[in-house]
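In our numbering, the protein residues as written are 1 to 155. First up is the structure itself, then whatever we jot down about it.
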């Protein structure tokens with residue numbers, strides 16, 4: 001099964017190899033003027049689930065700090081707004097986690113949880129795809145070496 005999500009004017013792809021993937025839930029939080037935002041663990045998340053966070057902030061000069069245990073897969077600071085995509089494999093998740101930014105800013109966080117259908121390790125493949133920056137362009141073709149979930153955002 002393949003699912004999709006692409007980033008900013010430069011689509012980025014994170015491909016996670018899994019036998020079968022199911023979307024579990026998501027949670028969102030935002031603050032229009034703060035240095036941090038707490039977001040709940042998506043309802044139904046269990047140990048071993050893949051959690052993907054999309055962190056948007058208004059000023060690309062700010063530095064985003066992830067909660068402990070999260071790994072950055074993409075960090076775009078080339079446009080006015082910043083976008084960071086991070087992931088973690090759920091393990092004894094707290095009810096909320098806090099994402100911080102280096103100075104007062106608008107901050108929005110979405111966390112999505114996915115579950116694999118059978119046992120086995122998840123592998124993460126991240127690659128950037130060059131794009132012209134023209135918003136009228138179609139999304140570029142991407143071929144993954146894996147079968148699983150493709151995560152990308154285009155905005």
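We put the CB at the ideal spot given by N, CA and C, even for glycine. Please read all numbers here as calculations on a predicted model, not as lab measurements.
| query | result |
| --- | --- |
| Could you tell me which of 61, 62, 25 sits nearest to residue 44, measuring between CA atoms? | 25 |
| Does the segment 68-76 touch the segment 36-50, meaning 3 or more C-beta pairs lie closer than 8 Å? | no |
| Please return the same chain residues whose Cβ sits closer than 6 Å to the Cβ of residue 102, not counting the five positions on each side in sequence. | 62, 63 |
| Would you decide whether residue 96 is buried or exposed? Buried here means 16 or more other CB atoms lie within 10 Å of its CB. | exposed |
| With a threshold of 6 Å on Cβ separation, who are the neighbours of residue 91 within its own chain once the five nearest residues in sequence on each side are excluded? | 47 |
| Going by other Cβ atoms of all chains shown within 10 Å of its Cβ, with 16 needed for buried, is residue 23 buried or exposed? | exposed |
| Can a CB atom of chain B be found closer than 8 Å to the CB of residue 71? | Checking the listed chains, one finds no chain B in this structure; it contains a single protein chain. |
| Would you kindly report the start and end of the unbroken beta strand (DSSP E) that includes residue 61? | Looking at the DSSP string, residue 61 is not in any beta strand (DSSP E), and its letter there is neither H nor E. |
| Do you know whose CA, among 30, 28, 51, lies nearest residue 116's CA? | 51 |
| Measuring CA to CA, which of 71, 57, 49 is closest to residue 33? | 57 |
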